[in-house]
Amino acid sequence: MAADPAAASAVAAISAVMDWRSSPDARSAAFAYLESVKTGDVRALANTSFLLVRKDQSSEVRLHGFKMLQHLVRLRWEELSVAERNEFANLTVNLIPEVVGPHEEWALKSQTAALVAEVVRREGVALWNTLLPSIVSLSNNGPIEAELVAMILRWLPEDITVHNEDLEGDRRRALLRGLTESLPQILPLLYSLLEKHFVAALSAHTNQQMELAKQHVGTITAVLNAANAYAEWAPVTDLAKYGLIHGKRPLDVAIVEYDAAMSNIFQLLMNIAQDFLVRSKMQPNVIDDNEYEFAMCICETMVALGSSNMQCILADVARTLHFLQQMLEYYQHYKITLHFQSLLFWLVVLREPSKAKSVARVSSDTPAAGNSASTGGGSTEREKKGVSVLITDEMYSTILDVTFKRMLKKSTSASSGLLELWSEELEGKSDFCNYRAKLLDLIKVIASQRPGITATSIVQRINIVFGVANEATKSSQDLDAMEGAQLGLEAVVSAIFDGSSDYSKIDQDTKFQIHRIFEGLLQQLLSLKWSQPNLAVIHGHYLDSLGPFLRHYPDAVACIVNKLFEILTSLPITIQDPSNNFRQARLQICSSFIRISRAADKALLPHMKLL
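What follows is the structure, encoded as structure tokens:
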């Protein structure tokens with residue numbers, strides 16, 4: 188390592204970023220250096236990254252090295268020549284033996300598999316056809332090798348199952364065609380690995396070989412994850428032909444027995460979660476990283492269980508409510524990893540109650556003890572609506588409150604002592620957009636189901652972030668919060684007035700409530716007198732967020748148009764503006780006119796002369 192100063196500097200920078208004792212300036216400088224490596228010469232990036240993933244490096248350094256390699260393959264692959272790509276692919280494949288070991292960390296194996304899959308997706312079918320025989324051969328060496336092979340197979344179809352705007356249609360079609368042609372090799376391999384290691388796990392457990400049994404179980408888990416990835420897009424006929432459908436839960440298992448078994452698992456996980464949630468409230472300082480990691484595993488398992496098996500406990504109202512309350516507490520949790528896992532659960536449960544098993548096979552002859560609501564009309568109602576019928580308005584309000592607060596990401600200007608916000612240094616810059624998109628999706632789902640509650644919550648949030656209207660007192664942190672609330676407002680208004688729900692079907696009392704809420708917000712926005720360019724832009728965005736509202740209440744169009752003109756004319760045209768702030772602000776206000784015209788539709792026609 189001493190012979191390569193760039194790699195040594197990268198190791199030092201990674202250590203500084205990960206060391207909690209580093210000063211903010213040192214951490215920022217280290218992060219900036221690592222970003223400069225990623226954006227610098229692509230060959231230097233490749234050379235440095237491959238040195239970082241060597242076995243003599245620490246786990247933290249190796250993980251960062253894998254992420255840098257993935258960044259290169261994903262975003263800078265075309266900068267390499269054909270010969271360099273071939274060499275890169277060979278070096279990547281040669282990394283596989285380095286992570287095959289009983290004591291190798293799972294994260295390193297996962298990142299290696301993800302890198303191999305990324306290279307295959309970039310290079311296409313030819314590389315995959317060359318690699319497949321060696322992959323199949325490697326899986327026969329043992330449970331650890333088989334687990335790694337299953338991970339690679341799991342990551343391969345990622346660009347098929349997950350939408351990626353950076354991947355053009357031709358490449359996606361080529362990947363789909365190549366993997367489809369390989370299904371006769373991939374699916375039987377998955378089935379044989381599942382069968383082989385399931386039997387081996389039982390045998391090892393019987394012989395008290397717990398470490399070996401653990402390895403086989405890890406392989407089984409990886410194979411099941413891979414099978415799920417292919418089940419999302421592979422033809423059902425192929426899944427049946429190669430035995431994967433045959434390996435499902437036997438049909439002769441009674442529904443009531445299955446539900447009882449799953450209910451016991453629910454209760455076990457809830458008991459463990461309850462202990463952690465209570466301690467994290469009462470004594471958060473005594474919980475160490477290992478406990479948080481274990482809590483993360485429990486939360487992730489509860490999310491998976493609750494997203495697909497809520498019907499197993501739906502007859503027991505008390506238990507269902509307790510489970511929902513625990514998932515709500517995870518969503519409110521200070522740790523963003525726990526919050527994020529719970530976010531996935533709420534998206535599934537609230538977005539499509541039917542997907543949350545609203546078929547709710549509630550057994551009429553086994554009602555919940557002491558709970559009359561679990562029989563008769565209450566049971567029928569839950570069969571129709573699933574979990575959503577048990578979610579209270581207070582729960583909705585709490586979810587919205589947390590969601591609006593978490594629209595921010597951690598930066599030098601925006602931080603919170605109450606919440607661990609998204610950190611670009613740890614989670615990545617691009618991933619924040621995906622995370623915030625999920626938050627906005629959740630807002631839209633709740634807005635379509637509880638428009639009155641959502642409208643009230645977003646206006647309350649806006650009032651908080653606006654605070655004192657004096658623009659001189661606005662800090663950069665205030666501006667970040669205001670921009671986050673504006674995105675929330677846009678999502679709410681769009682979902683209520685222009686979303687999947689039919690606004691005409693909302694009852695009159697709720698319509699009156701919504702109209703009064705947004706009318707009050709509009710008057711508040713019209714009364715603002717902000718002239719600073721950054722605040723003027725935010726002001727314009729808040730006004731154009733109300734566009735779909737104007738379609739149903741056209742009387743408000745004139746005042747918004749007049750206000751936008753007022754903001755536009757208040758921004759001076761001056762050549763003594765080296766930063767172009769005022770010019771950019773005027774352009775943004777003009778774009779607000781365009782967004783208003785698109786959203787308001789025919790309601791804007793009487794005011795076109797002004798424009």
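Take 188 as the starting number for the sequence shown in this note's numbering and just add one per residue. Glycine is no exception: its CB is placed at the ideal position from the N, C-alpha and C atoms. Bear in mind the structure is a predicted one, so any value in this text is a computation, not a measurement.
Checking 8 Å against the spacing of the C-beta atoms, do residue i and residue j come in under that value?
| i | j | result |
| --- | --- | --- |
| Val679 | Ala634 | yes |
| Ile201 | Leu221 | yes |
| Leu751 | Arg773 | no |
| His726 | Leu709 | no |
| Leu887 | Ala413 | One cannot answer for residue 887 here, as it falls past the ends of the chain, which runs 188 to 798. |
| Pro638 | Ile683 | yes |
| Gln673 | Ser732 | yes |
| Ile322 | Pro289 | no |
| Ile407 | Leu381 | yes |
| Thr643 | Ile693 | no |
| Ile452 | Leu492 | yes |
| Met514 | Phe532 | yes |
| Arg669 | Val652 | One detail in the question is off: residue 669 reads as Met in this sequence, not Arg. Yes, Cβ-Cβ distance for Met669 and Val652 is below 8 Å. |
| Phe253 | Thr299 | yes |
| Asp425 | Leu501 | no |
| Glu310 | Arg358 | no |
| Asp685 | Pro735 | yes |
If I measure Cβ to Cβ from residue i and keep anything under 6 Å in the same chain, skipping five residues before and after, which residues do I get?
| i | result |
| --- | --- |
| Pro192 | none |
| Thr599 | Per-residue confidence for Thr599 stands at a pLDDT of 40, beneath the threshold of 50, marking its modelled position as unreliable; no derived number is given. |
| Glu266 | Val229 |
| Ile649 | Ala672 |
| Ser541 | The predicted model places Ser541 with a pLDDT of 40, which falls under 50 and marks its position as unreliable, so this point remains unresolved. |
| Ala217 | Ala200, Ala203, Val204 |
| Leu282 | Thr299 |
| Ser602 | Bear in mind that a pLDDT of 44 at Ser602, under 50, signals an unreliable position, so the number given afterwards is only what the model happens to contain. Around Ser602: no qualifying Cβ. |
| Leu595 | Ala601, Leu608, Asp667, Gly671 |
Could you name the residues of the same chain whose beta carbon sits closer than 8 Å to that of residue i, not counting the 5 residues immediately before and after it, in chain order?
| i | result |
| --- | --- |
| Ile485 | Leu456, Ile459, Ala460, Phe463 |
| Ile640 | Asp580, Tyr583, Ser584, Leu587, Ile633 |
| Val198 | Met188, Leu239, Gln244, Val248 |
| Leu256 | Ala233, Ser236, Phe237, Val240, Thr279, Leu302 |
| Thr590 | Leu626, Leu629, Ile630, Gly675 |
| Ile776 | Ala723, Val724, Gly727, Leu751, Ile754, Leu755, Leu758 |
| Asp742 | none |
| Asn721 | Leu666, Asn768, Ala772 |
Can you look up residue i in the DSSP assignment and give me helix, strand or coil?
| i | result |
| --- | --- |
| Ser245 | coil |
| Ile783 | helix |
| Lys428 | helix |
| Thr235 | helix |
| Ser732 | helix |
| Arg593 | coil |
| Gln711 | helix |
| Gly288 | coil |
| Glu419 | coil |
| Gln775 | helix |
| Gln402 | helix |
| Asn394 | coil |
| Lys716 | coil |
| Lys179 | Since the first residue shown for the chain is 188 and the last is 798, residue 179 is missing from the structure and cannot be characterised. |
| Ser600 | With a pLDDT of 42 at Ser600, under the threshold of 50, the modelled position of this residue cannot be trusted; read the value that follows with caution. In this structure, Ser600 counts as coil in the three-state DSSP scheme. |
| Glu607 | coil |
| Pro344 | coil |
| His520 | coil |
| Thr488 | helix |
| Ala502 | coil |
| Thr579 | coil |
| Asn277 | helix |
For residue i, I'd like the list of residues in its chain whose CB is within less than 7 Å of its CB, leaving aside the five on either flank, ordered along the chain.
| i | result |
| --- | --- |
| Ala482 | Phe463, Leu525 |
| Tyr740 | His702 |
| Ser778 | none |
| Ala294 | Leu250 |
| Glu516 | Leu464 |
| Phe510 | Phe453, Met457, Gly493, Ile500 |
With a cut-off of 8 Å on the beta carbons, I'd call residue i and residue j a contact; round off their distance for me.
| i | j | result |
| --- | --- | --- |
| Lys625 | Leu712 | So it is not a contact: roughly 28 Å between Cβ atoms. |
| Val336 | Leu325 | 6 Å |
| Ala409 | Met338 | 5 Å |
| Glu292 | Ser246 | 6 Å |
| Tyr378 | Gly329 | So it is not a contact: roughly 19 Å between Cβ atoms. |
| Ser467 | His520 | 7 Å |
**Three CB pairs or more closer than 8 Å across the stretch 386-396 and the stretch 357-374** = Output reads no: the stretch 357-374 does not touch the stretch 386-396.
**Message:** With three or more C-beta pairs closer than 8 Å as the rule, is the stretch 446-454 touching the stretch 394-408?
**Reply:** Here the stretch 394-408 does not lie against the stretch 446-454, with fewer than 3 beta-carbon pairs under 8 Å apart.
**Prompt:** Are the stretch 327-344 and the stretch 292-311 in contact at 8 Å, needing three or more beta carbon pairs?
**Reply:** Counting C-beta pairs with one atom in each stretch, the stretch 327-344 and the stretch 292-311 have three or more that are closer than 8 Å, which means they touch.
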